[in-house]
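To start, the structure under review is shown below, and the notes come after it.
Residue numbers (this note's numbering): 27 to 145.
Below you can see the structure in the form of structure tokens.
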């Protein structure tokens, strides 16, 4: 089966959410490898993000539960980081803010479209 037919999705929003969680997972593992392996929480975010992306690509209903878990984890992580570091490093602060907003957006969108996910 060609890759194009496997990636064909009826809803571009679900595809965008899956792409977002894939990128977050890859970036989390890159940060984990470059900065410090003791940042276990970033590794957990990376693992859950990649599993969520797989669930969304395969349209599995259990992925909504991981999205809800990641919503709370990402919100806590982003708000904590923004509170303590603020905008001292402008690029880092803006990336945390973008991560927070995109997590909220894709959580709300996927929750609204959860009937498209099959079991």
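Glycine included, every Cβ here is placed at the ideal spot set by N, Cα and C. None of the values given here were measured: they were computed from a predicted structure.
Buried versus exposed call for residue i [16 or more other C-beta atoms within 10 Å across all chains shown]
i, result
"residue 98", "exposed"
"residue 78", "buried"
"residue 84", "exposed"
"residue 122", "buried"
"residue 16", "The structure shown has nothing for residue 16, since the chain only spans 27 to 145."
Backbone secondary structure at residue i - three-state DSSP
i, result
"residue 86", "strand"
Cα-Cα separation between residue i and residue j, rounded to whole angstroms
i, j, result
"residue 118", "residue 55", "17 Å"
"residue 106", "residue 37", "33 Å"
"residue 75", "residue 113", "25 Å"
"residue 42", "residue 110", "30 Å"
"residue 92", "residue 104", "17 Å"
From the options, residue whose alpha carbon lies closest to that of residue i
i, options, result
"residue 73", "91, 48, 62", "48"
"residue 124", "142, 114, 108", "108"
"residue 129", "112, 101, 137, 114", "101"
CB of residue i within 8 Å of CB of residue j, strictly
i, j, result
"residue 58", "residue 51", "no"
"residue 40", "residue 136", "yes"
"residue 143", "residue 90", "yes"
"residue 132", "residue 63", "no"
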